[in-house]
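For reference, the structure discussed in these notes is given below.
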Amino acid sequence: MSLPDRIVIREVGARDGLQAEAPISVDQRLELLDALLIAGLTHLEVASFVSPKAVPAMAGAAEVVAGLGAPEGVVRTALVPNLRGAEMALAAGLDELTVTVSASAVYNERNVKMTIDESIESVEAICALASAAGVPVDAVISCAFGSPYEGDIKPAAIALLAERLRASGASAITLADTTGMATPRRIQDVLALTGTDVGLHLHETRGTGLVNAYAGLLAGVRRFDTSVGGLGGSPFAAGAAGNVATEELVALCDDLGVSTGIGIDELIEAALLVQSFVGHPVPSRVANAGPRSRRA
Ligand code: MG
Numbered sequence: 013m014s015l016p017d018r019i020v021i022r023e024v025g026a027r028d029g030l031q032a033e034a035p036i037s038v039d040q041r042l043e044l045l046d047a048l049l050i051a052g053l054t055h056l057e058v059a060s061f062v063s064p065k066a067v068p069a070m071a072g073a074a075e076v077v078a079g080l081g082a083p084e085g086v087v088r089t090a091l092v093p094n095l096r097g098a099e100m101a102l103a104a105g106l107d108e109l110t111v112t113v114s115a116s117a118v119y120n121e122r123n124v125k126m127t128i129d130e131s132i133e134s135v136e137a138i139c140a141l142a143s144a145a146g147v148p149v150d151a152v153i154s155c156a157f158g159s160p161y162e163g164d165i166k167p168a169a170i171a172l173l174a175e176r177l178r179a180s181g182a183s184a185i186t187l188a189d190t191t192g193m194a195t196p197r198r199i200q201d202v203l204a205l206t207g208t209d210v211g212l213h214l215h216e217t218r219g220t221g222l223v224n225a226y227a228g229l230l231a232g233v234r235r236f237d238t239s240v241g242g243l244g245g246s247p248f249a250a251g252a253a254g255n256v257a258t259e260e261l262v263a264l265c266d267d268l269g270v271s272t273g274i275g276i277d278e279l280i281e282a283a284l285l286v287q288s289f290v291g292h293p294v295p296s297r298v299a300n301a302g303p304r305s306r307r308a
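Counted from 1, the sequence shown has number 155 at position 143 by our numbering; the numbering is strictly sequential.
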């Protein structure tokens, strides 16, 4: 086990972080994205192209993308739930799409009202469309470390689902701990079968998010999804607490000598900015306490 020299952090605050909050304005979402660019983020999940009736906080996705423009060297991602969403996201000019399939049949049924097989078919259609536009698709496997409905899901089932999604045209796979059931041991068990060329999308529901990220780092994972301020839940999963806070992972990496390219002080400013927008304290401990030391 050895730590990677550098990792890529995909900042999901503007989508995953805000989706379960009371809606904030498009201008405020753009202000947040701007603050994240200033902090050095290069991978931003900016919106999701879902029905604003289902997720009111994501209304105005195309306006957010248009307002952001295409900053040099920045990969702008959006979540798309179906082919219609993919068409809108591609028309808006996104650089990458994310799609979600749950490893939990029950969660998938409740979240998107499809069987896992139907979801994979949908991913295949989205990938075909995106590929024709030269846009990569990251397939996010939710409940990859356990399901609130079925309990533990076998690592072999996750590896098989990842394989099927790659065969359906996904250019990358991200393993998501949607309801915070991962532990370092389970991270190791799943990565042993999927390989470490995956992203990790971890939640702090049970206080294991950061230690799970550390387990991922030690195993050699180089891609992580995190949210500024530690905001985020799922509008479809009761009790799903926040994502791992970007500033907590950056602070850890700074100490470990793992390069992220992100400035911790600017990032904490972004966390305090989004805190002022959502109108309640953000869960991130590093945003509240500050980094353990600031380099002179
Ligand atoms: Mg999340």
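Glycine included, every Cβ here is placed at the ideal spot set by N, Cα and C.
Beta carbon of Asn255 nearer than 8 Å to that of Asp266: Position 243 of the sequence shown holds residue 255. Position 254 of the sequence shown holds residue 266. Taking 8 Å as the Cβ cut-off, Asn255 and Asp266 do not qualify as a contacting pair.
Assumed close pair Ile21, Leu187 - CB separation to whole angstroms, cut-off 8 Å: Position 9 of the sequence shown, counted from the first residue, corresponds to residue 21. Position 175 of the sequence shown, counted from the first residue, corresponds to residue 187. Actually they are not in contact, since the Cβ atoms of Ile21 and Leu187 sit about 16 Å apart, beyond 8 Å.
Classification of Gly85 by the beta-carbon crowding that lies within 10 angstroms, buried from 16 upward: Locating residue 85 in the sequence shown gives position 73, where the first residue counts as 1. Result: exposed.
Distance CB(Ala51)-CB(Gly275) smaller than 8 Å: The residue given as residue 51 occupies position 39 in the sequence shown. The residue given as residue 275 occupies position 263 in the sequence shown. Taking 8 Å as the Cβ cut-off, Ala51 and Gly275 qualify as a contacting pair.
Exposure label - Arg204; buried when at least 16 CB within 10 Å: Along the sequence shown, read from residue 1 onward, the residue named residue 204 stands at position 192. The residue you asked about is not Arg; residue 204 is Ala in the sequence shown. Sixteen is the threshold: since fewer than 16 other Cβ atoms of the shown chains lie within 10 Å of the Cβ of Ala204, the residue is exposed.
Residue span of the alpha helix (DSSP H) that contains Arg234, given as start and end: In the sequence shown, residue 234 corresponds to position 222, counting from 1. Where Arg234 is concerned, there is no enclosing alpha helix (DSSP H), given that its DSSP letter is neither H nor E.
Distance CB(Leu390)-CB(Gly25) smaller than 8 Å: The shown model of the chain, from 13 to 308, leaves out residue 390, and the question about it has no answer.
Complete alpha helix (DSSP H) runs within the segment 89-120 (minimum length 4 residues, chain order): 95-104
First through last residue of the alpha helix (DSSP H) which encompasses Ile138: Position 126 of the sequence shown, counting from 1, holds the residue named residue 138. Ile128 to Ala144 is the span of the alpha helix (DSSP H), which, as asked, contains Ile138.
Asn255: CB within 7 Å of a non-hydrogen atom of the ligand MG: The residue you call residue 255 lines up with position 243 of the sequence shown. Flag set: Cβ of Asn255 near the ligand MG.
Straight-line gap, Val210 to Ala145 (C-alpha atoms, nearest Å): Residue numbering aside, residue 210 sits at position 198 when the sequence shown is read from its first letter. Residue numbering aside, residue 145 sits at position 133 when the sequence shown is read from its first letter. Near 23 Å, if we compare the C-alpha coordinates of Ala145 and Val210.
Supposed contact pair Val67 and Val111 - C-beta distance, whole angstroms, cut 8 Å: Position 99 of the sequence shown, counting from 1, holds the residue named residue 111. Position 55 of the sequence shown, counting from 1, holds the residue named residue 67. At roughly 15 Å, the Cβ-Cβ gap does not stay under 8 Å, so Val111 and Val67 are not in contact.
Reduced DSSP category for Ala151 - H, G, I as helix; E, B as strand; rest coil: Against the sequence shown, residue 151 aligns to sequence position 139. Strand.
Between the CA atoms of Pro83 and Ala308 - distance to the nearest angstrom: Here residue 308 is taken as the residue at index 296 of the sequence shown, counted from 1. Here residue 83 is taken as the residue at index 71 of the sequence shown, counted from 1. For Ala308, the pLDDT reaches just 45, beneath the cut-off of 50, and the residue's location in the model is therefore unreliable, leaving the point undetermined.
Segment contact, 8 Å Cβ cut-off, at least three pairs: the segment 190-204 with the segment 217-237: yes
Beta-carbon gap between Ala98 and Ala156 smaller than 8 Å: Position 86 of the sequence shown holds residue 98. Position 144 of the sequence shown holds residue 156. Result no, Cβ atoms of Ala98 and Ala156 do not sit closer than 8 Å.
Residues that Asn320 bridges to, as DSSP identifies them: Any question about residue 320 goes unanswered here, given that the chain covers just 13 to 308.
Paired residues, beta bridge with Leu56 - DSSP: In the sequence shown, the residue the question calls residue 56 occupies position 44. Beta-bridge pairing links Leu56 to Glu23 and Arg88.
Three-state class that DSSP yields for Ile185 in the structure shown: Residue mapping note: residue 185 aligns to position 173 of the sequence shown, counting from 1. If DSSP states are grouped into helix, strand and coil, Ile185 belongs with the strands.
Heavy atom of the ligand MG within 7 Å of Gly291 beta-carbon: Start at 1 with the first residue of the sequence shown, and residue 291 comes out as number 279. No, since every heavy atom of the ligand MG falls outside the 7 Å radius drawn around the Cβ of Gly291.
First and last residue of the uninterrupted alpha helix (DSSP H) at Ser180: As a first step, residue 180 must be located in the sequence shown, where it is residue number 168. Element bounds for Ser180: n/a, residue is neither H nor E.
Rounded C-alpha distance that separates Ala301 from Val240: For the purposes of this step, residue 301 is identified with residue 289 of the sequence shown, where counting begins at 1. For the purposes of this step, residue 240 is identified with residue 228 of the sequence shown, where counting begins at 1. So the alpha carbons of these two residues sit roughly 15 Å apart.
For Arg18, the residue or residues it bridges with in DSSP: On the sequence shown, position 6 is the one that residue 18 refers to. Partner(s): Ser271.
Through-space distance from Val118 to Pro160, alpha-carbon basis: Counting from 1 along the sequence shown, the entry for residue 160 is found at position 148. Counting from 1 along the sequence shown, the entry for residue 118 is found at position 106. Spanning the two alpha carbons is a distance of roughly 9 Å.
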